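Written below as structure tokens is the structure these notes are about.
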Amino acid sequence: MGENPSYFGPDPGLPVERISWDDCQAFIAALNTKGIGTFRLPTEAEWEYACRAGSTTRFTWGDDPGYSEIGDYVCYWDNSTSMTHTVGGKKPNAWGLYGMSGNVWEWCSDWYETPYGVGHVSDPQGPTTGSYSVFRGGAWIYVPLYCRSANRNYVTPASSYYYLGFRLVRIAP
């Protein structure tokens, strides 16, 4: 499955970053041949649902405009020491998921489209083709506003950056 492309080294405690969407797809294809399950990237809707963990606020832990609790949950510009942090080093969200906001942006399976539709949609499906891939969550190199649960961004699928990684979904057998 190749070597860890991370800028911050192959430390098993740090998130994998500097990996393109295309390389994620190749990694997933190789992983899926190992007989340990079937994996994929989450959709945007799945990613946001997991990040929010049942909350309706701007951040999974609340709406505080002063960001007084952000350092407890998120690795971001003011507390990052200019690099990624150990996975699990901050508090988890209400569902026990670590690092959903901050540390590294995370690739989603969806192609980018704007604007979103109007109104509440349950588990929306993104476009089946496109030129840009979506990533979510904010990163260590960004300010708190980028770590909102609903924040999204996009680049070409071949792009890779030292603040962009991934999280996999395992499909139930």
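Okay, so the sequence shown: first residue is 222 according to our numbering, each after it adds one.
Even glycine gets a Cβ: it sits at the ideal position worked out from N, Cα and C.
These numbers were taken from a predicted model, which means no experiment stands behind them.
Of the choices C296, D243, W268, whose alpha-carbon is the least far from that of E327?
Working through the sequence shown from its first residue, we reach residue 327 at position 106. Checked all of C296, D243, W268; the closest Cα to E327 is W268.
Go ahead and pull the three-state DSSP assignment for D284.
Residue mapping note: residue 284 aligns to position 63 of the sequence shown, counting from 1. Looking at D284 - three-state DSSP - the assignment turns out to be coil, as it is neither helix nor strand.
If you measure between the beta carbons of G309 and G323, is that distance less than 9 Å?
Residue mapping note: residue 309 aligns to position 88 of the sequence shown, counting from 1. Residue mapping note: residue 323 aligns to position 102 of the sequence shown, counting from 1. No, the Cβ-Cβ distance between G309 and G323 is not below 9 Å.
Pull up the distance between the alpha-carbon of R391 and that of T302, whole angstroms please.
One-based indexing of the sequence shown puts residue 391 at position 170. One-based indexing of the sequence shown puts residue 302 at position 81. Cα to Cα, R391 sits roughly 32 Å from T302.
Kindly confirm or deny that the segment 269 to 287 and the segment 359 to 377 touch, where touching means at least three C-beta pairs closer than 8 Å.
In short, these stretches touch, since the Cβ pair count reaches three.
Tell me Y375's beta-bridge partners as DSSP assigns them.
Position 154 of the sequence shown, counted from the start, is the residue given in the question as residue 375. DSSP lists V355 as partners of Y375.
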